[in-house]
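Numbering (this note's numbering), first residue to last: 1 to 166. Just so you know, even glycine gets a beta-carbon here, dropped at the ideal spot from N, CA and C. Below: the structure, in structure tokens.
Here it is as structure tokens:
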């Protein structure tokens with residue numbers, strides 16, 4: 001997937017690009033946009049994009065780890081080193097003062113498909129088989145581990161809270 005952090009639009013790509021920002025899935029982006037709309041927030045008022053509120057930093061995920069890039073000198077600084085295949089950073093959110101970046105270390109769960117039969121499709125005709133991802137009891141859910149990054153240090157803090165499933 002390749003995600004545009006400004007518009008929160010995600011497009012599935014055929015080529016795996018480890019340098020591409022992997023912040024949210026398309027489903028996550030739609031849910032987040034809906035929540036912002038429910039709260040009456042504009043798209044650009046949310047600090048969950050890669051750019052810090054003061055505009056000095058851009059945060060992104062590369063090789064499953066979190067990086068920031070300075071606007072002034074374009075220098076990349078690696079903030080994390082514990083990301084790996086199947087355990088990558090995402091769901092980035094800046095503090096309003098641009099000093100702290102919140103990110104989750106995400107371990108992907110199983111998103112197996114379920115099958116649905118549309119017995120009466122619009123316009124009539126034969127039934128259609130449809131599939132969609134759906135977690136069933138017993139499946140492994142995606143887990144999220146909270147991490148805070150002080151970008152002035154830089155320093156990583158893992159609060160003493162359990163990972164949560166969603």
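Rounded to the nearest whole angstrom, the CA to CA distance from residue 137 to residue 12 is 28 Å. Between the stretch 113-123 and the stretch 76-94, the count of Cβ pairs shorter than 8 Å is below three; the stretches do not touch. In this structure the stretch 64-76 does not lie against the stretch 93-100, because fewer than three pairs of beta carbons, one per stretch, are closer than 8 Å.
Residue 133 and residue 93 have their C-alpha atoms some 26 Å from each other.
It is roughly 18 Å from the alpha-carbon of residue 6 to the alpha-carbon of residue 66. The alpha-carbon of residue 52 is positioned some 36 Å away from that of residue 139.
Here the C-alpha atom of residue 62 lies approximately 46 Å from the C-alpha atom of residue 123.
When secondary structure is reduced to three states using DSSP, residue 163 falls in the coil class, being assigned neither helix nor strand. According to DSSP, residue pairing for residue 157 in a beta bridge involves 148. For residue 88, the enclosing beta strand (DSSP E) stretches over residues 87-94. Distance from the CA atom of residue 58 to the CA atom of residue 50, rounded to whole angstroms, is 5 Å. CA-to-CA, the gap between residue 85 and residue 143 works out to about 14 Å. Taking all protein chains in view, the Cβ of residue 125 is surrounded by fewer than 16 other Cβ atoms within 10 Å, so the residue is classified as exposed. Taking the CA atoms as reference points, residue 88 sits about 8 Å from residue 104. Listed as beta-bridge partners of residue 104 by DSSP are 90, 146. Across the set 120, 60, 130, 146, the C-alpha of 146 shows the shortest separation from the C-alpha of residue 107.
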